[in-house]
Each structure stands twice: as structure tokens, then as C-alpha cells.
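Residue numbers (the numbering used here): 542 to 1020. Ideal Cβ placement from N, Cα and C applies to all residues, glycine included. It should be emphasised that the depicted structure is a prediction, and the values quoted were computed from it without experimental measurement. The structure under discussion appears below in the form of C-alpha cells.
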Ligand SMILES: Cc1cc2nc3c(=O)[nH]c(=O)nc-3n(C[C@H](O)[C@H](O)[C@H](O)COP(=O)(O)OP(=O)(O)OC[C@H]3O[C@@H](n4cnc5c(N)ncnc54)[C@H](O)[C@@H]3O)c2cc1C
Ligand code: SF4
């Protein structure tokens, strides 16, 4: 245990965000560095619980109390080894994870939880700075080949584990760059893309071959790939967006979040996109439909692009400020949150349902909506329109961030004929194998839209399943 009285001596401290006025002028990450002496005090707050609920909260089973202790004792090298034992990419989760581990931290029962995520991030960045994170190529090659389709966190985690187990791994990605939603989706102000490049360099040195710009199922028949490789991992994400099915949807000026966000990521990466093809919020009144993280990413992007005003509408009621009785510790709390983007501007409204859109001269001009309420009918929550609450807002750009309906079916999945679940995700057995022998799956493609931490956990599990399928046994870790 780091410091037996640490949790009584020190309060929770998290990194500060750069001033709003400065950060909306650029695309750099919003958080300032967190000094190591402050971090050690945060690690000292860990009580090294007999039953560490933080483990249970983390889908990767990260051995959190161990690294809190090691950081406090300045054993940083051991700390990164312990962290990498369960997580291939702590620099992604340390920046982007909503930290279910912190929601489950025992200290959170009657105080503020340990800042686990910041400890994780500091360990990995400290290790990179000191040159401790180097390629770990396999000592022996297996002679087996694996195709990983999709280069998001699930595909990358599977690829790294498989390469380290000695297999020849090729990652196919339909986008022009590697990284999945880490690259094209998550804005740079949440994670700069140099961190994805840094890991790619390590993986290339471990023997992973990246093939961007190849859409499996279109550029290559998936069955051909199955014949060429000893195993396949389907990690293509859950990119099918929920549409807004109202009159006027077809008017110019309505876009899915994932049509909008990647364009800015590409410009930030130096790509030339002519203004005529670029979706910009500059000088526009913007409405975002969807109150989740994707909506917040659209908000931060629109504010940086120079929107005149941004409104964000959510159909569900406003969440409570603190945990309600039916959402107790250690479950993940559904509460009102203020992300960095919300701090920067925009107005959020809840319980709003869009009824129709209308335009002027072929361009989007108005959004027509109504307020809704949720009433209990025979034990079920039923949504009802509030009579007389109809309203109209001016809008020039409408961004749809209302969630995703699972993986895209045409092409790859249809060619393979893999079995799907009732929710339309790819069905997998306990080894992550699909209904087609030798074809495995990981990440959002099998879970539905989820989190980076889950994608990494899934990728590691699929790698283990594949290794066992190819070699008859596996030494890859369970978590
Ligand atoms: C805007 C946005 C912001 C998010 N922010 C966060 C966050 O802050 N924290 C968090 O934990 N989670 C966040 N998420 C969720 C998280 O990004 C995903 O859960 C995670 O990326 C899933 O990883 P994956 O590897 O399964 O799929 P993805 O990251 O979606 O990667 C799948 C890749 O497969 C490729 N692909 C698909 N089909 C083919 C094919 N046929 N051939 C070749 N390539 C193919 C796709 O182009 C894509 O690059 C966010 C999601 C979105 C949309
Ligand atoms: S639950 Fe919290 S206090 Fe307990 S071991 Fe985990 S991080 Fe430390």
C-alpha cells in the first residue's frame, strides 16, 4: 500500500484544462500536463483494497492498486510493465476512457475516487519519455498468417498480441490512415494523432504490416482473403448511424457526425480538402441532435470552426447531478456531465424531439421540434409530446449524433455469411470465433458501439482465441 493515511491526507486532484479562450483557437489537446509530485499524492490516496472494485470496473482487469503503489515508490519501470501486462495502449485509455474503474473505486463510496486514469496516463508517457517502450518482436515465428480487418483499437490490440505471439499479421483498413475512430472520429483536441503514429511505429517494428486504403469486401473478396490467410479477425467497428427519419431530412445542410468529424481530422493532418467539399460550421447556426460524447465532439469542433451559435438537443430527460438510488456505487453513474466542449460554449436542451426540417432555396433553414415528457404507464416509461410546446429554430447546419445501429452488413459480412445476434452485431463464441471457422471478431463489430477500453479488451481476447486456434494452445493472457 502506497501510503496508509494517503486517502485522509490528500484530496482528489485532476489535471487542469487550458483556458477556453486559448484552446478554442487551436486543435491541440485541452489538458495541461500534471506534475509528477502531484500525481504521486494522487497515487498515495489508493487504499490497496482487499477487494479492489476498480479491477472489476475495468474491462481490461487493470491491476490498478499495484501501479498506484509503484508510482508512489518511484518504481516507474515496474509500473509500466504492470500496466502493459493488461493494456496494450494505456496512452489511448488514459486520455479517452470514461474510467469505469474510477466509478467503481471503493474510495468513491464516501469520498472522491482515486484519479486512476491520470496515474495510468502519466506512467505511459513517463515510460515513452525515458525510452522504455520499445518494439517487442517475437523470438520465434510461427509461420502462420492472420488478416485483421479494421485498424481501430480492437484491430490494433489483436494485431499487436498476435505479432508478439509470432504470427505474420496484416491489418487492412479502408480509410487512408490507420487508427479507426482514434484517427477519424475522435477530435484532435481530445487526442492528438501523433500518439497513434507512435504506437504504429512500434507495431511495424514488431512485424505488423499495415495496408490502408483497402476495403475488404469491395477491393478484395473476403472469401479470397479467407483462402489466403490462416485466420481472420473482423474488427470493422459499428459504423451504421441512426438516421433522423422526419420530413425534410434530404435538405442540403444535414449531415451525420461521422461525415463531419473526420474532415476536420484530415485537414488537421495536412490534407487539402477544397471548401466546396468541406462541411464547416463557420459563420453558421448549428444544431446537434444527440446529447452523448459524439455530440460533444461535434460541439467542440463546431466552436473551433467558428460557428455563430450551437444548440445541442437530446431526446431523453436531463440526467441527475449525482447518483440516483437506482444507480448505486459501483455501477457506472448516468449523471449530468460537463465535458471540455460543454465548458467552451453551446446550449444544451433535454427532452426535445425533432418533428421536421424545412429549407429556403434548397438549403436547410428551420428545425421544427416539440418538447417531450416521460410518464410511467403500467410500469413502463412512455414518451409523450407536451401539448403546446412546439417550437421552431433557425439552423444552417444540422449534425446527427444519435448513436449507431451496429456494423455495416453489405460487403464483408454478407460475403462471409457470418451469423449475427438479434441486435445485428457479429455473433462470437467464448473464443471470439464467429459462425465461420477461422474467422474471429472483436470490438464494436461484435459488441455494438462501445468504448475504447472494451475494444482493446476484445482485441486481446480475439488474439488469444486465434492463437489457440492456430497453435492448439496459447500463452497469451486472458485479460
Ligand atoms: C465521435 C466518436 C467519439 C468517441 N469518443 C470516445 C471516447 O472519448 N472514449 C471512448 O472510450 N470511446 C469513444 N468512442 C467509441 C470508440 O471510439 C469505439 O468504441 C472504438 O473505437 C471501437 O473500436 P473498434 O476497433 O471496434 O472500431 P473502430 O474504431 O470503429 O475501427 C473500425 C475500423 O474498421 C474499418 N473498416 C470497417 N469495415 C472495413 C472493411 N470492410 N475493410 C477495411 N476496413 C474496414 C473502419 O474504417 C474503421 O477504421 C467514440 C466514438 C465516436 C463515434
Ligand atoms: S478501489 Fe480505489 S482505493 Fe481500492 S485499490 Fe482500487 S483504486 Fe485503490
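- For residue 725, the three-state secondary structure derived from DSSP is coil.
- For residue 897, the secondary structure class from DSSP, reduced to helix, strand or coil, is strand.
- Secondary structure at residue 694: helix, using DSSP grouped into helix, strand and coil.
- Here the distance from the Cβ of residue 735 to the nearest heavy atom of ligand 1 is not below 7 Å.
- DSSP, read as helix, strand or coil, puts residue 993 in helix.
- DSSP places residue 913 inside the beta strand (DSSP E), whose first and last residues are 904-918.
- With distances taken between CA atoms, residue 868 lies nearest to 644 out of 832, 644 and 964.
- Of all C-beta pairs linking the segment 967-986 to the segment 667-682, fewer than three are shorter than 8 Å, placing the two stretches out of contact.
- A contact is defined here as three or more CB-CB pairs under 8 Å, and the segment 865-880 fails this definition with respect to the segment 750-768.
- Listed in chain order, the alpha helix (DSSP H) runs fully inside the segment 925-966 are 953-957, counting runs of at least 4 residues.
- Per DSSP, reduced to three states, the secondary structure at residue 830 is strand.
- Beyond the five residues adjoining it in sequence on each side, residue 747 comes within less than 8 Å, by CB distance, of 676, 677, 678, 679, 701, 704 and 705 in the same chain, given in chain order.
- Distance from the CA atom of residue 776 to the CA atom of residue 629, rounded to whole angstroms, is 16 Å.
- Each residue's CA atom was taken as its position, placing residue 890 and residue 878 some 13 Å apart.
- A residue is called buried once 16 or more other Cβ atoms fall within 10 Å of its Cβ, and residue 943 is buried on that count.
- For residue 737, the number of other beta carbons within 10 angstroms of its own is at least 16, and it is reported as buried.
- For residue 994, the shortest separation between its Cβ and any heavy atom of ligand 1 lies below 7 Å.
- Assignment of residue 767 by DSSP, reduced to helix, strand and coil, places it in the helix class.
- In this structure, the CA atom of residue 1019 is about 25 Å from the CA atom of residue 750.
- Under a 10 Å Cβ-count criterion, residue 699 is classified as buried, with 16 or more other Cβ atoms of the shown protein chains found around its own Cβ.
- Contact check for residue 985 and residue 779: beta-carbon distance about 4 Å, within the 8 Å limit, so the pair qualifies.
- DSSP places residue 774 in the uninterrupted beta strand (DSSP E) bounded by 772-775.
- By the neighbour-count criterion, in which a residue is buried when 16 or more other Cβ atoms sit within 10 angstroms of its Cβ, residue 973 is buried.
- Rounded to whole angstroms, the separation of the alpha carbons of residue 722 and residue 770 is 26 Å.
- According to the DSSP assignment, residue 873 belongs to no alpha helix (DSSP H), since it is labelled neither H nor E.
- At a threshold of 7 Å, residue 751 does not count as near ligand 1, since its beta carbon sits no closer than that to any of the ligand's heavy atoms.
- The closest CA to that of residue 888, considering only 903, 829, 918 and 894, is found on 829.
- The alpha-carbon separation between residue 648 and residue 880 amounts to approximately 23 Å.
- DSSP places residue 877 in the coil class of the three-state scheme, outside both helix and strand.
- One alpha carbon belongs to residue 1016, the other to residue 708, and they sit about 13 Å apart.
- Taking a contact to require three or more Cβ pairs closer than 8 Å, the segment 810-830 and the segment 842-851 qualify as touching.
- Under the three-state reduction of DSSP, residue 664 is assigned to helix.
- In this structure, residue 686 and residue 575 do not form a Cβ contact; the two beta carbons are roughly 43 Å apart against a cut-off of 8 Å.
- Our two residues, residue 583 and residue 556, have alpha carbons roughly 11 Å apart in a direct line.
- In the three-state DSSP reduction, residue 853 falls in the strand class (E or B).
- Ranking 947, 561, 951 and 956 by CA distance to the CA of residue 967 puts 947 first.
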